[in-house]
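Take a look at the structure set out below.
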Amino acid sequence: MPATPPMPNVTFQEPAQPAEGAVLLLTGEGPELSAMGKALDEALGGQLTRAAKAAEFEGKPGKSLEVLAPGNGDIARVFLLGVGEIEAEDENAWIKLGGEIAGAGLPGEGDLTVLAELGADSVTPEQAAAIGAGIRLRSYGFEKYKTKKNGKKPAKKKARSVKILVGDSKVAKKAYARSNAIVSGVTLARDLVNEPANALGPEEFAAEAQKLEELGVTVTVLDEAAMKKEGMNALLAVGQGSGRPSRLVTMEWKGVKKKSAPVCFIGKGVVFDTGGISIKPAAGMEDMKGDMGGAAAVIGAMKALATRKAKANVVGIMGLVENMPDGLAQRPGDIVTAMSGQTIEVINTDAEGRLVLADALTYAQKMFKPAAIVDLATLTGAIIVALGHQNAGVFSNEDAFAAKIVEAGKKTGDLAWHMPLSSEYDKLIDSRFADMKNTGGRWAGAVTAAQFLHRFVENGTTWAHMDVAGTAFSSPANELNQGWASGYGVRLLDRLVADHYEG
Ligand code: BES
Ligand code: MN
Ligand code: ZN
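Residues in the sequence shown are numbered from 829 upward in steps of one, following this note's numbering.
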């Protein structure tokens, strides 16, 4: 499932005077041109400074100016992009600058040369690599199902090329290989979330995971018979109304030889959530093709980690099901025995994600004795009411672990906010007939959902739950994403591993 149109190929070269095509330079306020920019302006007979003056372009951050066909040679256009102060160590700020560069310099056709100097300052090879990653993230699109554009069949586009001119280009290339591994994970997550559910059922999703074997990931797929044997009745109950069988996928990345407890990521993979018998209203239901956004983040993170050969042991688990109303679907009032042995009264079949995660959590602890677990799920509308589309909610049985996740989010722009857990909320899911019920009433819906999951975490296991219902899709367009699916979580999980579980 390749991203369409293709994202540009980014290469790095030592600085040299560009003589053709499209060129983009970064200016400080003034506009203040860089050394390479000044040399280019001179070669073009001063047309860049004259155009800036005529257009009253002052190099204000985020503002850009396009100068067409300056000079007498083969330079087709020059873009000036105003850039404010950027902190040297703030990698995400450089990635976002890459996004702005793509936004300003890539509409239209042809290849682009980027002069990586910022006003009077040079750009380090690592910063240039981050710019390259940002250019690709911003250039993502999902147009595979569009057969017409403006009434015409769109031409098969070939990938464009962006050349970044920077000193120490070899170092930049190496750093870029790492950032681009992460981009490939984000792209996979976006593709899967954007894909409609008729094309992406549990089996098709599992097949996507199997493709990671090429990267050295060990992939195991449990079918319904195998899950039945394990006692995963809560997960299976969600899928029992669907014509498409459920799957549980395990992806193991062993980046270090020595045996050590892995960190484990678990994703909710509801390929479509109708609500089941507790059916959802029609308006907006199409968005529920994205109810596998947690699983998409997990497979995306596994792809990123394996591609960049992370020195850590990481396991990704995805519960893949479809929640449909049907003659065989589960009913409100049904009581199921989860793999942990605990019984659940199903009050609302639309609170299905927690049923899937309950068994995935038990399975993860039984099979891998993980050092820590992070589950990601588009779990509740309530988290969107609380935090909007700007932050995911983080719940954890260890404040210090939640803090690590929040920190990884700040560094990558996958923002997350620490939310509470406590026994007072836990009471709200006690059931009259079973050990617990799957909804906690009107208030604090995101918290009671997290309390439910907490009941499946064994004593001593470090665990965090991320409710990504507001961030996996429908977030506002920004420097790095103009589409519907965001790829939220991939960069955060990659950073969490890099900062706390690698070497
Ligand atoms: N997948 C939904 C949550 C959701 C809503 C995700 C909007 C993304 C956007 C989840 O399965 C659900 O339906 N949750 C219910 C729980 C309720 C029945 C306790 C909800 O939030 O309304
Ligand atoms: Mn639901
Ligand atoms: Zn759901």
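Backbone N, C-alpha and C fix where the C-beta goes; we use that ideal spot for every residue, glycine too.
Item, Value
"Whole-angstrom distance between G1128 and V990, CA atom to CA atom", "24 Å"
"DSSP-derived helix/strand/coil call for L876", "helix"
"N-terminal and C-terminal residue of the alpha helix (DSSP H) that F1229 is part of", "D1227 to T1240"
"Supposed close pair V1296, A1220 - CB separation, criterion 8 Å", "5 Å"
"Alpha-carbon spacing of G874 relative to G1311, whole angstroms", "39 Å"
"Beta-carbon contacts of W922 that lie in its chain and below 6 Å, excluding the five residues immediately before and after", "Q955, A958 and I959"
"Residues bridged to T1290 (per DSSP)", "A1200"
"Sufficient close CB pairs (3 or more, under 8 Å) joining the segment 1281–1292 to the segment 904–918", "no"
"Close beta carbons around L1016, own chain, < 7 Å, minus the five adjacent residues each side", "I1127, G1128 and K1131"
"CB contact flag (Y1004, M835, <8 Å)", "no"
"Cβ pair count under 8 Å reaching 3, the segment 1197–1216 against the segment 878–891", "no"
"Under the three-state DSSP convention, the category F1301 falls into", "strand"
"Beta-carbon proximity check, V1213 vs V1222, cutoff 8 Å", "no"
"Any 3 or more C-beta pairs closer than 8 Å across the segment 1135–1146 and the segment 1072–1082", "yes"
"Beta-carbon proximity of G1118 to N1151, cut-off 8 Å", "no"
"Classification of R1260 by the beta-carbon crowding that lies within 10 angstroms, buried from 16 upward", "exposed"
"Supposed contact pair G1097 and L1148 - C-beta distance, whole angstroms, cut 8 Å", "4 Å"
"N-terminal and C-terminal residue of the alpha helix (DSSP H) that E778 is part of", "Here the chain covers residues 829 to 1331 and nothing more, so residue 778 does not appear."
"Spatial distance of D1187 from M1060 (CA atoms)", "6 Å"
"For E917, three-class secondary structure by DSSP", "coil"
"Exposed unless 16 or more other CB atoms sit within 10 angstroms - verdict on K1001", "buried"
"Where R964 falls: helix, strand or coil (DSSP)", "helix"
"As assigned by DSSP and simplified to three states, the class of Q955", "helix"
"Beta-carbon gap between I1175 and D1263 smaller than 8 Å", "no"
"I1094 CB to nearest heavy atom of ligand 1 below 7 Å", "no"
"Reduced DSSP secondary structure (H/G/I, E/B, other) of F1284", "coil"
"Contact under 8 Å by Cβ, L854 with L946", "yes"
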